[in-house]
Each structure stands twice: as C-alpha cells, then as structure tokens.
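Worksheet: the structure to be examined is printed underneath.
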Amino acid sequence: MKRIQVMPLGPVPPDQLAELCSGLGREFRVETEILPAEADPAFAFNLTRQQYHSTEILASLLRKATPASRHLLGVTPVDLYIPVLTFVFGEAQLQGNCALVSTHRLRQEFYGLPADAKLFRERLLKEAIHEVGHTLSLSHCDNYECVMSASHGVEWIDLKGWHFCAECRAVIDERGRAKAVI
12 MKRIQVMPLG PVPPDQLAEL CSGLGREFRV ETEILPAEAD PAFAFNLTRQ
62 QYHSTEILAS LLRKATPASR HLLGVTPVDL YIPVLTFVFG EAQLQGNCAL
112 VSTHRLRQEF YGLPADAKLF RERLLKEAIH EVGHTLSLSH CDNYECVMSA
162 SHGVEWIDLK GWHFCAECRA VIDERGRAKA VI
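Numbering (the working numbering), first residue to last: 12 to 193.
Given below as structure tokens:
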C-alpha cells in the first residue's frame, strides 16, 4: 500500500479528517491525504428506512478511484445500512481499494449519552482502520482485541484495540512485500 486518500462525503469537520489521516498513516505506515469534499450522498437515501445504502455509496467511490488512489476511504456523517442488517458502521470492497465509514452511530449522543470527543475519535479511527483492513484481504478476526474483530455494536468497538493482532499484521506486511516485488 502506498497511500490512503480520505474523502469526506457530506459535512465532516476538517480537524476530524486530519486526526483520522494521522492515525491511519501511523497504523498502515503510509502517506495519507484529504481529498476535496464531495456532495452529501443523497442519491443513496432510502425513504422507508430513513438511512443511506452503503453499497450504493461504495459503488460511487469506486467510480471516483483513480490509479493514484491506492486506497480511498469515504467518511460520511449519514446513517448507513445494507439490506440484511439494521445498520453498518462502514463497508469495504474486500481485496479492493475503496472503503466507507460513517460517524453517525459512533457518537455517544446517538445513544442518548453526553458527548465524549475522545471516545468518538477512537471509534472513528478503529472503524476506519477496520474497513481499510478489509481492502487488504483481511476478514474478521477471532481475536477480540484486534481492530479486525467484528463490530456488531458500538460496545464491541470499545472493546477492541486500534492495532492489528500479530496474525493480521503479518498478512498486511506480506502483502506489502509481495507488491514491492511486482
């Protein structure tokens, strides 16, 4: 992996994006950059569910990806879903180069609790790393402390760390060495 590009989809504060890029750069050991904001993904809004279909948004990201976009991460404040689940925190193209994460359900306020900016930033970084990890062929990890463990609820995000376990890190490092040889 050479670079991660982060694209806001809707209003995402610049300081959030800068901190996210910094964390992604540290964990993946690559350059990061923030792309210009894209319009709100209203095209993916489902009136019945009052949510946004993440797969449609991910498909639009695929059309925006360029050869320079080694990995493109969309960040949106809207509530995401896929038809078989009530909600998702994000979605990624397995073994691809595009991923998406939503900030909507990562905020304490969503659950009727007082705001906690530090906890929110930690959750966002964990989920962003998790989704980008899927683009690197990683599936869900059985190690509950690994950032690649499944997140079926916000409590699960809080339990896991924001680093890869040794096994997942080895897959990423091996993939990086293989691409360097090609």
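No residue lacks a Cβ here, since even glycine has one placed at the ideal position from N, Cα and C. Predicted, not measured: the structure shown is a model, and the values here were computed from it.
- Proximity of the region 80-97 to the region 13-26 meets the contact definition, three or more beta-carbon pairs being nearer than 8 angstroms.
- Counting along the chain, no beta strand (DSSP E) covers His145; the unbroken alpha helix (DSSP H) around it starts and ends at Ala128 to Thr146.
- Minimum Cα-Cα distance from Ser65 among the listed residues Arg37, Val95 and Thr43 corresponds to Val95.
- Secondary structure remark: continuous alpha helix (DSSP H) runs of at least 4 residues inside the region 25-101, in chain order: 25-39 and 65-75.
- Nearest Cα to His174 within the set Gly36, Lys13, Leu117 and Ala103: Gly36.
- Nearest C-alpha to Phe54 among Glu67, Arg60, Val99 and Leu147: Glu67.
- For Val17, the enclosing beta strand (DSSP E) stretches over residues Arg14 to Pro19.
- Between the C-alpha atoms of Ala76 and Ser162 there is a straight-line separation of about 26 angstroms.
- In the three-state DSSP reduction, Ala161 falls in the coil class, being neither helix nor strand.
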